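Notes for the one structure printed next.
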């Protein structure tokens with residue numbers, strides 16, 4: 066029964082998203098909510114924004130609909146006969162329902178911030194945007210969703226807010242090439258689904274599948290050459306949901322011999338985090354504002370090495386899969402074995418840095434010689 070529920074959630078969210086994208090695309094074009102080509106952008110044509118609205122709506126409709134459906138079936142005589150396995154989950158659902166609703170409320174607020182940014186563009190205050198993101202994270206904290214590994218409640222709140230706002234903006238920054246942010250989110254959410262399923266966190270696993278299906282339905286229209294962008298509406302929303310769910314999910318099991326499994330989210334989200342920190346470092350090193358867009362992202366630098374947009378995106382997918390899969394081993398490994406996994410991830414990203422630095426120098430050398 067569990068497998069069928071998993072399939073239903075994934076396919077339902079995929080189908081709703083897939084059907085909504087063309088409608089939202091027409092609306093975005095009609096109201097001129099579009100992204101124009103520019104010096105710091107890789108697309109050559111005007112592209113409609115708000116594609117992330119399809120992700121948000123599909124995710125929210127399926128999650129709320131499933132919760133309502135389960136509660137209604139629990140009160141119906143036929144429910145106990147047709148879905149006895151699921152009906153037995155209702156007491157657990159009622160326990161986590163406040164946190165699920167808090168997640169949806171925070172996600173709705175974050176999606177609204179994204180919509181305002183997509184519609185207003187440069188006229189939307191960055192300070193107001195950042196304050197709104199912090200408020201979204203505090204909504205979760207108010208419902209008891211926060212880390213627990215820090216020595217004090219205040220530190221746990223600070224870490225939680227920093228993490229959720231950070232992941233939201235990481236996926237926002239990563240959304241710089243067709244299919245990149247959405248595909249990376251799909252990989253990450255499926256990996257986190259495996260973690261939640263293995264840990265027996267049934268409802269967290271379902272939500273992750275709802276996110277996966279919603280993103281996959283959108284990717285049909287967003288992979289190169291894209292017909293629509295997710296915009297800040299989508300990138301902030303998926304980053305918020307993933308960041309929040311990583312806080313909810315448990316990583317240390319009874320078999321774990323160390324606390325190192327708590328770094329699993331950092332590894333599974335290694336690609337967006339690496340891109341964010343590398344971009345910030347480059348901009349600071351060159352004396353430029355860290356919030357001003359440019360072409361120094363991970364994907365752009367791969368293209369500078371000679372890759373096409375598709376090759377760069379697929380390469381980044383491969384990195385996300387390799388690092389993320391290795392992270393799944395952490396709960397079953399001892400301390401030293403876990404350290405080796407961390408070293409492996411560090412080596413992978415270190416080699417990428419060397420590749421891009423050497424490639425950049427060679428490109429400059431070739432440019433001077435031509």
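Residue numbers (the working numbering): 66 to 435. Ideal Cβ positions, reconstructed from N, Cα and C, are used throughout, including at glycine. From a predicted model like this one, the values you see are computed outputs, not experimental measurements.
Buried or exposed (CB count within 10 angstroms, at least 16 for buried), residue 228: Buried is the call here.
What residues in its chain sit with their C-beta under 8 Å from that of residue 109, if we drop five residues either side in the sequence? Apart from sequence neighbours up to five positions away, the residues of its chain that approach residue 109 with a beta-carbon distance below 8 Å are 102, ordered along the chain.
Relative to the C-alpha of residue 400, which residue among 366, 386 and 325 is closest? Considering only alpha carbons, the answer is 325.
So residue 178 and residue 197 are in contact, right, with Cβ under 8 Å, and what is the actual spacing, rounded? Taking a contact as a CB-CB distance under 8 Å, the pair residue 178 and residue 197 counts as one, their CB atoms being some 5 Å apart.
How about residue 244 and residue 280: do their beta carbons lie closer than 8 Å? The Cβ atoms of residue 244 and residue 280 do not sit closer than 8 Å to each other.
What does DSSP give as the partner residues of residue 99 in its beta bridges? Residue 99 is bridged to 113.
Would you report the Cα separation of residue 363 and residue 254, rounded to the nearest angstrom? Their Cα atoms are separated by approximately 21 Å.
Residue 355 versus residue 156 - alpha carbon distance: Each residue's alpha carbon lies about 47 Å from the other.
Proximity of residue 171 and residue 222 at Cβ, strictly below 8 Å: Annotated as distal: residue 171 and residue 222, with beta-carbon spacing of 8 Å or more.
Using DSSP with H/G/I as helix, E/B as strand and the rest coil, what is residue 273? In the displayed model, residue 273 falls within a helix according to three-state DSSP.
Host alpha helix (DSSP H) of residue 212 (start-end): Looking at the DSSP string, residue 212 is not in any alpha helix (DSSP H), and its letter there is neither H nor E.
Quick one: what does DSSP say residue 346 is sitting in, helix, strand or coil? Helix.
Give me the Cα-Cα distance between residue 266 and residue 274, rounded to the nearest whole angstrom. If I take the Cα positions, the gap works out to 13 Å.
Beta carbon of residue 238, beta carbon of residue 341: below 8 Å? Yes. Within cutoff.
Burial state of residue 291 (16 or more Cβ within 10 Å): By the neighbour-count rule (16 or more Cβ atoms within 10 Å), residue 291 is buried.
So, are the CB atoms of residue 225 and residue 312 less than 8 Å apart? Yes; because the gap between Cβ atoms is below 8 Å, this pair is in contact.
Does the pairing of the stretch 296 to 303 with the stretch 374 to 393 give three or more beta-carbon distances under 8 Å? Result no; under three Cβ-Cβ pairs closer than 8 Å.
Are residue 78 and residue 119 touching if we call contact CB-CB under 8 Å? For residue 78 and residue 119, no; Cβs fall outside 8 Å.
Nearest to residue 370 by alpha carbon, out of 235, 200, 387 and 422? Taking only the C-alpha atoms, the option nearest residue 370 is 422.
Considering only the alpha carbon of each residue, which of 175, 89 and 213 lies closest to residue 195? The residue with the shortest Cα to Cα distance from residue 195 is 175.
If you check the beta carbons only, do residue 268 and residue 158 fall under 8 Å apart? Closer than 8 Å, so yes.
By a C-beta neighbour count over all protein chains shown, 10 Å radius and 16 as the cutoff for buried, is residue 113 buried or exposed? Buried, by the Cβ-count rule.
Could you tell me how far apart the beta carbons of residue 115 and residue 88 are, in whole angstroms, since I believe they sit closer than 8 Å? With 8 Å as the limit, residue 115 and residue 88 do not qualify as a contact, their Cβ atoms being about 11 Å apart.
DSSP state of residue 399 mapped onto helix, strand, coil: Three-state result, residue 399: coil.
For the stretch 297 to 377, which segments carrying the alpha helix (DSSP H) assignment without a break, of at least 4 residues, lie completely within its bounds, in sequence order? Qualifying alpha helix (DSSP H) stretches, in chain order: 329 to 333, 335 to 350 and 363 to 369.
Keeping to the same chain, check which residues put their C-beta closer than 7 Å to that of residue 431; ignore five residues upstream and five downstream. For residue 431, the pLDDT reaches just 37, beneath the cut-off of 50, and the residue's location in the model is therefore unreliable, although a value from the coordinates is still provided. Hits under 7 Å: none found.
For residue 344, count neighbouring Cβ atoms within 10 angstroms of its own Cβ and tell me buried if that reaches 16, exposed if not. By the neighbour-count rule (16 or more Cβ atoms within 10 Å), residue 344 is buried.
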